[in-house]
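So the structure is just underneath, and the comments pick up after that.
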Amino acid sequence: MSQFILHKENTRGHANHGWLDAHHSFSFANYYNPERMHFGVLRVLNDDSIDGGMGFGSHPHDNMEIITIPLAGAIAHKDSMGNSAVIKNGEIQVMSAGTGVSHSEFNANADEQLNLLQIWLFPNKKNVTPRYDQQTLDVAARHNNFQQILSPNADDAGVWIHQDAWFSLGKFDEGFETAYKIKKAGNGVYAFVISGEVTINGQVLSKRDGLGVWDTDSISFKANTADAEVLLMDVPMELN
Amino acid sequence: MQTTILYIGRDTEITAVMNRLLNARPEWKGLCVCKNEEAISICKEQHIDLVLLGNGIDQESESELKNKLLALRPGLKIIQHYGGGSGLLYGEIMSAL
Numbered sequence: 001m002s003q004f005i006l007h008k009e010n011t012r013g014h015a016n017h018g019w020l021d022a023h024h025s026f027s028f029a030n031y032y033n034p035e036r037m038h039f040g041v042l043r044v045l046n047d048d049s050i051d052g053g054m055g056f057g058s059h060p061h062d063n064m065e066i067i068t069i070p071l072a073g074a075i076a077h078k079d080s081m082g083n084s085a086v087i088k089n090g091e092i093q094v095m096s097a098g099t100g101v102s103h104s105e106f107n108a109n110a111d112e113q114l115n116l117l118q119i120w121l122f123p124n125k126k127n128v129t130p131r132y133d134q135q136t137l138d139v140a141a142r143h144n145n146f147q148q149i150l151s152p153n154a155d156d157a158g159v160w161i162h163q164d165a166w167f168s169l170g171k172f173d174e175g176f177e178t179a180y181k182i183k184k185a186g187n188g189v190y191a192f193v194i195s196g197e198v199t200i201n202g203q204v205l206s207k208r209d210g211l212g213v214w215d216t217d218s219i220s221f222k223a224n225t226a227d228a229e230v231l232l233m234d235v236p237m238e239l240n
Numbered sequence: 001m002q003t004t005i006l007y008i009g010r011d012t013e014i015t016a017v018m019n020r021l022l023n024a025r026p027e028w029k030g031l032c033v034c035k036n037e038e039a040i041s042i043c044k045e046q047h048i049d050l051v052l053l054g055n056g057i058d059q060e061s062e063s064e065l066k067n068k069l070l071a072l073r074p075g076l077k078i079i080q081h082y083g084g085g086s087g088l089l090y091g092e093i094m095s096a097l
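Chains as they are written, first to last, in the UniProt record's numbering: chain A, 1 to 240; chain B, 1 to 97.
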């Protein structure tokens with residue numbers, strides 16, 4: 001029998017720093033909720049809104065798979081591996097922090113708000129060599145389809161990470177129904193609604209709600225509104 | 001009363017950041033080192049409430065370090081610190097304590 005946990009939008013942690021308005025689906029920084037520590041290896045899901053020209057100065061990371069998905073605007077990224085890039089809506093960035101890397105992230109535009117999802121997964125191997133990648137996604141391919149944007153395999157669709165995880169993005173017409181098959185036994189799926197309203201396994205979800213489902217091999221999905229957009233994170237439920 | 005937290009990680013830059021973060025909170029006292037020998041020496045000299053294992057410590061070195069620390073302080077809480085910064089630190093410490 002499948003199990004689930006529902007995280008409504010207004011139950012997320014919230015920190016407004018003026019230039020940064022952050023919502024945390026799981027405990028992060030000064031937001032601590034012992035019941036919201038992680039969903040399997042999914043440890044961080046931050047929904048950040050950053051003012052024009054503002055951002056995070058150089059700071060280090062280690063032993064974490066960090067995925068950034070801009071929802072609006074663009075991020076200017078620089079890191080200690082020599083990468084300097086701008087990542088915009090329709091693209092995905094991944095960084096394996098491994099033994100340690102420093103980076104900065106700023107809103108690339110002075111006059112436009114940046115909204116991004118930053119997602120951290122525990123890696124399946126500690127102390128890997130740090131790596132960086134970004135990809136432009138074919139946004140049209142996610143119309144009424146869960147488009148794979150991340151996997152554990154370098155030769156599969158999307159970016160790859162050091163974890164048995166698969167991410168998919170879909171944008172759906174009202175009334176569209178489908179099912180999502182979990183990629184690996186022992187994985188669960190955390191669904192995050194970017195926009196619109198959907199029903200997953202009988203649970204009605206609105207914008208920025210999250211639903212984690214596990215002990216099942218698939219989930220049912222229906223879009224209740226036009227332009228319903230959802231991110232699925234298919235992740236191991238056991239910490240490595 | 002302060003909670004004394006010993007951090008061990010191989011990257012000097014991250015170790016310096018962890019030292020700043022841990023000592024920024026009045027309720028915590030952070031002792032941050034890069035080498036196992038330094039950690040063991042500190043543990044011999046003073047009470048430690050929690051050990052955070054940071055980046056770059058290979059499996060063999062981690063096992064050896066844990067064994068030596070636990071021999072000095074049976075029951076000492078030793079956890080992995082992930083992320084190398086402030087994002088997870090508070091939650092990790094609160095959960096461990």
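Even glycine gets a Cβ: it sits at the ideal position worked out from N, Cα and C.
Just so we're clear, the structure is a prediction, and the values are computed from it rather than from any experiment.
Beta carbon of residue i, beta carbon of residue j: below 8 Å?
i	j	result
B:Leu4	B:Leu31	Note that residue 4 of chain B corresponds to Thr in the displayed sequence, not to Leu. Against a cut-off of 8 Å, the Cβ pair of B:Leu31 and B:Thr4 comes out as a contact.
A:Thr99	A:Thr136	no
A:His162	A:Glu9	no
A:Lys183	A:Asp227	no
A:Gly210	A:Tyr190	yes
A:Gly101	A:Pro70	The question names Gly, but residue 101 of chain A in the sequence shown is Val. Contact flag unset, no.
A:Ala74	A:Lys88	yes
A:Gln118	A:Asn63	no
A:Gln147	A:Leu121	no
A:Asn127	A:Asp164	no
B:Ser63	B:Asn36	no
A:Gly40	A:His24	no
Which same chain residues, not among the five before or five after residue i, have their C-beta less than 8 Å away from its C-beta?
i	result
A:Ser49	Leu20, Asp21, Ala22, Gln113, Leu114, Asn115
B:Gly54	Tyr7, Ile8, Gly9, Arg10, Asp11, Ile14, Thr15, Met18, His81, Gly84
A:Ala179	Ser218, Ile219, Ser220, Phe221
A:Glu35	none
A:Gly57	Ser104
Where does the unbroken beta strand (DSSP E) through residue i begin, and where does it stop?
i	result
B:Ala16	Segment 12-23 is the alpha helix (DSSP H) holding B:Ala16; no beta strand (DSSP E) there.
A:Ser84	84-88
A:Arg131	131-136
B:Ile48	Taken as a continuous stretch (DSSP letters only), B:Ile48 belongs to no beta strand (DSSP E), as it is neither H nor E.
A:Ala76	74-79
A:Pro60	55-61
A:Ile182	No beta strand (DSSP E) holds A:Ile182; DSSP gives it neither H nor E.
Excluding the five sequence neighbours on either side, which residues of its own chain have a C-beta within less than 6 Å of the C-beta of residue i, listed in chain order?
i	result
A:Trp214	Gln3, Gly188, Met237
A:Phe176	Asn144, Ala223
B:Leu22	Ile5, Trp28, Gly30
B:Ala96	Leu50, Lys77, Ile79
A:Val193	Leu205, Lys207, Asp209, Val230
A:Asn83	Tyr132
Residue i lies in the alpha helix (DSSP H); which residues open and close that run?
i	result
B:Asn36	36-45
B:Leu89	86-96
B:Ala71	59-72
On a CA-only basis, which of the options is nearest residue i? Give me that one, please.
i	options	result
A:Gly212	A:Arg43, A:Gly196, A:Gln118, A:His59	A:Arg43
A:Thr11	A:Gly196, A:Glu229, A:Val235, A:Lys207	A:Lys207
B:Tyr90	A:Gly53, A:Lys126, A:Phe28	A:Phe28
A:Asn16	A:Asn124, A:Asp138, A:Asn30, A:Gly202	A:Asn30
B:Lys68	B:Ile42, B:Ser86, B:Ala24, B:Ile93	B:Ile42
A:Ile67	A:Ser96, A:Phe26, A:Asp155	A:Ser96
A:Gly90	A:Asp138, A:Ser25, A:Asn33	A:Asp138
A:Asp133	A:Val94, A:Pro152, A:Ala141	A:Val94
A:Asn107	A:Gly52, A:Ile92, A:Lys78	A:Gly52
A:Trp166	A:Glu174, A:Asp156, A:Ser151, A:Trp160	A:Ser151
B:Leu65	B:Ala39, B:Ala24, B:Glu45, B:Glu92	B:Ala39
A:Ala72	A:Ile92, A:Lys78, A:Asp79	A:Ile92
What is the DSSP secondary structure of residue i, reduced to helix, strand or coil?
i	result
residue 241 of chain A	The displayed coordinates of chain A run from 1 to 240. Any statement about residue 241 of chain A would go beyond what the structure contains.
A:Ala141	helix
A:Glu238	coil
A:Asn10	helix
A:Trp19	coil
A:Met233	strand
A:Asp217	coil
B:Tyr7	strand
B:Cys26	For the sequence presented, residue 26 of chain B should be read as Pro rather than Cys. DSSP places B:Pro26 in coil when its eight states are reduced to three.
A:Ala226	coil
A:Asn115	strand
Can you find the residues in the same chain that come closer than 7 Å, C-beta to C-beta, to residue i, ignoring five residues on each side of it along the sequence?
i	result
A:Val198	Leu205, Phe221, Lys222, Ala223, Asn224, Ala228, Val230
A:Ser195	Lys207, Asp227, Ala228, Glu229
A:Asn153	Trp160
Residue i: beta carbon under 7 Å from a heavy atom of the ligand ADP?
i	result
B:Ile79	With respect to the ligand ADP, the structure shown offers nothing to examine, as it has no ligands at all.
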